[in-house]
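Read the structure below first, then the notes.
Residue numbers (my numbering): 30 to 611.
In structure tokens:
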């Protein structure tokens, strides 16, 4: 920091010198004009002045004025260059601070390394995904984070306590020491219909392979034929989503079964989009202006085409493409490539650990709902209570809410994805980063779910800028990412719960966007603010969704035949308003 301070002092002294030159030049010019004016008056008073002499004097004035103008312009240009250099240095400093550690005195830690990080940061701003062979952060065989092992022990101890509470409640209520699994069987009911629906959606998704083959063989891969293959693309996507949504409502699937269908529906849709997009843009139109597009703001930061890491995509024979798509379909990624880094062998110990962990976490969630949610919310229809009861429910539900959040994270983003990664020897296991150490929500959204984040970043954010040739700003593209993500989450939750309750849409589109713009600063307790908001948010979600779920199960809940508005209107709010009026 002291070096930067000295540089700033030198620049300030240089600026002052240029300002002094400007002042002196203007003063000299004014003095010269006044002197000439005085001479002219003296000549006129004494003996008059000839036309030729007047012209000579005026030409002299003009030359002096032009010379002063040139000096002033040169000084202004030099001053402008200095200002631009200072602004560039300031922007450079901001980028350094984004990726560099800072000690207690405000100095950058390892400045040389920070410069390399800034350079790499710039080059990756509009680049494509590069797959590397690496393990998940919490895979303990690769070191992992020791602190998370402690959290795992706490979770196991808490699971034992929940089990004891469930057994005690079951004994005093029904006389049985071991609880029945009726809730478990109910939420996974009609799983044969789930498998049937999934097989149909899987089969439809493989239609993208022969479609791309037809586009290649008929030589209609250019963007001027886009209406043809884009129409076919939307037909395939519409079939997948229609079958998924229809199955959830036609069969009346229970929550867990419906969530399996809706989540797979979204995953398949993103897989189809990724394969279709890569084959069209980077395969059949590899050298096009769209594939090689570089935004103006990226060029200004020194990014070149070689920094974009454009993947090597080709359209092979139908058999080759079927093999590529089949591997991609089951691989734990949403970014298509013709090939991926692969591990040499399957680690049986890692595979078995993740399978057992996933099964245990399913029963963990069952225990949480049975012990902490059902006893609290099953009576809220008849007794919704007031503001005091709502606030108490939110605070109490922060425990169950955060447990569900962490269980879903570890069960899906770690165990489930690593199961498929291990079976397929998929090399790149960076499914998440250390989101629990972030200090703001922008970092949380980037690190929480890298698999989906990469899809949204590369195929929504970048492609909106790419296909509009920069007409959409970066902020507008970012807002579109939040909007599309919120809609997709809402479709999944609506299908899973069996009713429309757009709380996720409102939280993603409202506080979710606002909190990304808030910088909580630096300090030892900044992480406390992040986790406080996470706890409150998870508690609110748990209370609102559970209340609405039980309200929908009530015989007094509105049905579709009562009118569309009556049906989609939150029934929990309707019951509260009825109690208030009574």
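Don't be surprised by glycine CBs; every beta carbon is placed ideally from N, CA and C.
Note that the structure is predicted; figures quoted are calculated from it, not measured.
When the beta-carbon positions are compared, residue 418 and residue 350 stay at least 8 Å from each other. Straight across, the Cα-Cα distance linking residue 297 with residue 358 is about 8 Å. Considered as a whole, the segment 365 to 433 harbours 377 to 397 and 403 to 406 as its complete alpha helix (DSSP H) runs of no fewer than 4 residues, in chain order. Under DSSP, residue 270 takes part in no beta bridge, so it has no partner.
The alpha-carbon of residue 502 is positioned some 42 Å away from that of residue 416.
In this model, residue 590 and residue 600 are separated by some 15 Å (Cα to Cα). In terms of CA proximity to residue 278, 522 leads the group 531, 522, 157 and 574. A contact between stretches requires three or more CB pairs, one per stretch, nearer than 8 Å, and the segment 257 to 268 fails this requirement with the segment 322 to 342. For residue 315, the secondary structure class from DSSP, reduced to helix, strand or coil, is coil.
Within the model, the alpha-carbon separation for residue 188 versus residue 436 is close to 12 Å. The criterion of a C-beta distance shorter than 8 Å is satisfied by residue 371 and residue 455.
It is roughly 39 Å from the alpha-carbon of residue 425 to the alpha-carbon of residue 225. Inclusion of residue 403 and residue 484 in the CB contact set at 8 Å is not warranted, their separation being larger than that value. By the 16-neighbour rule on beta-carbons within 10 angstroms, residue 406 is buried. Only exposed fits residue 561, as fewer than 16 other CB atoms lie within 10 angstroms of its CB.
Cβ contact annotation for residue 337 (same chain, cutoff 6 Å, sequence separation greater than five): 156, in chain order. Classified as buried, residue 429 has 16 or more neighbouring CB atoms from the shown chains inside 10 Å of its CB. In the DSSP assignment, residue 522 falls within the unbroken alpha helix (DSSP H) covering 503 to 526. Rounded to the nearest whole angstrom, the C-alpha separation of residue 567 and residue 343 is 44 Å. Closest in alpha carbon position to residue 445, among 462, 495 and 391, is 391.
In this chain, the alpha helix (DSSP H) harbouring residue 350 covers 347 to 359. Residue 388 counts as exposed, since fewer than 16 other beta carbons sit within 10 angstroms of its beta carbon. As a beta-bridge residue in DSSP terms, residue 457 pairs with 163. The shortest CA-to-CA distance from residue 197 to any of 399, 352, 369 and 249 is the one to 399.
By the Cβ test, the segment 283 to 293 is in contact with the segment 213 to 224, since at least three Cβ pairs between them sit closer than 8 Å.
Nearest in C-alpha terms to residue 489, of all of 467, 431, 513 and 473, is 513. Comparing alpha-carbon positions, the option among 465, 595 and 274 lying closest to residue 294 turns out to be 274. Rounded to the nearest angstrom, the Cβ distance from residue 468 to residue 559 is 6 Å, consistent with a contact under 8 Å. Here residue 586 has 580 and 600 as same chain residues with Cβ atoms under 8 Å from its own Cβ, once five neighbours each way along the sequence are excluded.
For residue 256, the three-state secondary structure derived from DSSP is helix. In the structure shown, residue 344 falls within a coil segment according to DSSP collapsed to helix, strand and coil. A distance below 8 Å separates the beta carbons of residue 361 and residue 480. For residue 252 against residue 311, the beta-carbon gap comes to about 13 Å, at or over 8 Å, which does not count as contact.
Comparing C-alpha distances from residue 376 to each of 168, 441, 482 and 299 shows the shortest one belongs to 168. The alpha-carbon separation between residue 515 and residue 534 amounts to approximately 5 Å.
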